[in-house]
Structure formats: C-alpha cells, structure tokens
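*Asks:* Residue numbers (the numbering used here): 309 to 579.
One structure is given below, represented as structure tokens, and several questions about it will come after.
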Ligand SMILES: [Zn+2]
Ligand SMILES: [Zn+2]
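Listed below in structure tokens is the structure:
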C-alpha cells in the first residue's frame, strides 16, 4: 500500500483497496452512515483520513449499480449527503470567532481518529470475508479497484474542479515538492492548516485564510445539496459545475492527488 506524505496525503496513484476496507466501507454505505453516533464521530474526525475519504467514494460509485435520477447508478449519493453535512458544519466552525487560547488552525485538525482506520484496527484481517448481505468482499474489492466509474466522473468534471484544486496537492501529484502556496481559497484542509500555522501570530492573515475556506465550504455544501437532489426521482439533472461539487468537497477534506491522478492532471496544467 502506498505511504502517505508528511501531511497524511496520498501519493498520486490508485488506491488498491483491500478486501477488508471494501467490506467495511460497503457496510458503511448500507447502514453506519445513518447512525447518529457515527455522524457525530465523523464531524469530530472531519470525515475520514485522506485514503478512506476517496475509498468511500470509490466503493459507493463503483459498486452501487442501481439508482434513481438521470444516471441510474454509479453515483456518489451517500457521499453527497455526508459531505454536505461536513462542509456545512466545518464552514460554520471556521466562521466563528476562535476561543481564547485555541490555535487558529484547531478547527481544521480532527479531534477523533478516522472511523474506518479505527474499525480496521479492530477487525480480522485474513480469511474469506463475508460482507453486507453475504456479499463476497474480495470480488467487490477487485471490481472497485478497476475505478471505471470514478475515473469517468473525475475526467468528465475536471474542467470544473481542476482550476479550484489545491495547488500544493497538484504539485505533489506531479511529483514536484509542495512549495509555499498562499492561496487560502484553494488549499485543501491539510495544506490550509499548514499555511495557517505558518502565519501564526498574524491573526488578520490567519483569519483571511480561514474565512476564505469557510465561504468555499458553504458553496460546496450548496452544490452538494443540488447534486444529491439530482440523484432522486424528482430531481432535475445537475449542471457540470454541480457535478464537480463532490470532488471539490472531498478534495478539500482529503486532498486532490487521487482525482488528479485519475484525470491525468499535472501541476503545470499539462495532460
Ligand atoms: Zn482511515
Ligand atoms: Zn492540498
């Protein structure tokens, strides 16, 4: 399995989900997400770690074959519902005045461990794994790892999300060292936390970075609401901008290396 960088971000490449990750995520899509205690865990953990942020979308998009709305399946419906909540919650938290003595970047740092990583640590690792409704998790993992539908989503919407993607992540995706990037409106959560740490003591600068991120998250939440509606029976089809909103949201929380890899994007803009 590829090793994350010092920010915890993924290298540019396929995820290669294990059978156990697929089994747990497939069960998550079918049930855990509805649980109030899990929702509050996910708010505290700011969603999943970067790997499981994208793994969650891959499992839903690749494996969920039937669906309503114009696409009829292979769409990130649960992902939209969860990340609409996370974007709205974090946007509000970043917009609030910081408590006395709290670090400026505190709201960007998870206060709980990734829910999937915690389950993996306590789960059996070997043997034939029966998953949700007795599904064969090894076969599901092999199918998910083809990334057919996720790649199609990332490629088809790249014109919309790539200009707004974190420049530090795209630099890393291209194999370049992530340099000093100052663009608070585009930085992912991890590079934004680093940028805010760098301007420690300059409250005005830190505040500007955080309020740019807050505004961006509020707009992502709106896009996700409309996109989720397009996946329901009565929903109107979404435009290209809206279709990209789930990638923007997951890119903020889990970094952009994975969609950039799938869409074949490099930091210099070359295909
Ligand atoms: Zn994880
Ligand atoms: Zn980044």
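C-beta atoms are modelled at their ideal positions from N, C-alpha and C, and glycine is treated no differently.
Thinking residue 556 and residue 424 are a contact (beta carbons under 8 Å), I'd like their distance in whole angstroms, please.
*Replies:* In fact, because the Cβ distance is near 22 Å, the residues do not count as touching under 8 Å.
*Asks:* Would you kindly work out how many angstroms separate the C-alpha atoms of residue 355 and residue 499, rounded to a whole number?
*Replies:* Near 16 Å, if we compare the C-alpha coordinates of residue 499 and residue 355.
*Asks:* If you draw a straight line from the C-alpha of residue 528 to the C-alpha of residue 349, how long is it?
*Replies:* So the alpha carbons of these two residues sit roughly 21 Å apart.
*Asks:* Using 9 Å as the threshold, is the C-beta distance between residue 452 and residue 370 below it?
*Replies:* Yes; because the gap between Cβ atoms is below 9 Å, this pair is in contact.
*Asks:* Closer than 8 Å: is that where the CB of residue 409 sits relative to any heavy atom of ligand 4?
*Replies:* Ligand 4 is not among the ligands present in this structure, which contains only ligand 1 and ligand 2.
*Asks:* Starting from the Cα of residue 554, find the closest Cα among 406, 533, 333 and give me that residue.
*Replies:* Among 406, 533, 333, the Cα nearest to that of residue 554 is on 533.
*Asks:* Could you tell me how far apart the beta carbons of residue 317 and residue 563 are, in whole angstroms, since I believe they sit closer than 8 Å?
*Replies:* Residue 317 to residue 563, Cβ: 4 Å. Contact.
*Asks:* Could you check if residue 545 is buried or exposed, using at least 16 other CB atoms within 10 Å of its CB as the buried criterion?
*Replies:* Classification of residue 545: exposed, given that the 10 Å Cβ count is below 16.
*Asks:* Going by CA-CA distance only, name the one from 543, 367, 392 that's closest to residue 447.
*Replies:* Looking at the Cα atoms, 367 is the closest of the given residues.
*Asks:* For residue 326, does the three-state DSSP call read helix, strand or coil?
*Replies:* Correct three-state label for residue 326: coil.
*Asks:* Taking the Cβ atom as the reference point for each residue, do residue 406 and residue 412 lie within a distance shorter than 9 Å?
*Replies:* Their beta carbons are under 9 Å apart, which means residue 406 touches residue 412 by this criterion.
*Asks:* Residue 539: buried (16+ other C-beta within 10 angstroms of its C-beta) or exposed?
*Replies:* Flag for residue 539 reads buried.
*Asks:* Looking at the structure shown, is residue 382 part of a helix, part of a strand, or coil, going by DSSP?
*Replies:* Residue 382 falls in the coil class under three-state DSSP.
*Asks:* Classify residue 388 as helix, strand or coil using the three-state DSSP reduction.
*Replies:* Residue 388: helix per DSSP, three-state reduction.
*Asks:* Find out if the Cβ-Cβ distance for the pair residue 496, residue 476 is shorter than 9 Å.
*Replies:* The answer is yes: Cβ separation under 9 Å.
*Asks:* Buried or exposed for residue 373, please, with buried defined as at least 16 other CB atoms from any protein chain shown within 10 angstroms of its CB.
*Replies:* Exposed: under 16 other Cβ atoms inside 10 Å.
*Asks:* For a quick check, are the C-beta atoms of residue 473 and residue 568 less than 9 Å apart?
*Replies:* Yes.
*Asks:* Closer than 8 Å to a non-hydrogen atom of ligand 1 - does that hold for the CB of residue 356?
*Replies:* At least one heavy atom of ligand 1 is nearer than 8 Å to the Cβ of residue 356, so yes.
*Asks:* Is residue 352 closer than 9 Å to residue 399 when the C-beta atoms are compared?
*Replies:* No, they are not a contact pair.
*Asks:* From this set, 360, 547, 401, which residue's C-alpha is nearest residue 387's C-alpha?
*Replies:* Nearest option by C-alpha distance: 360.
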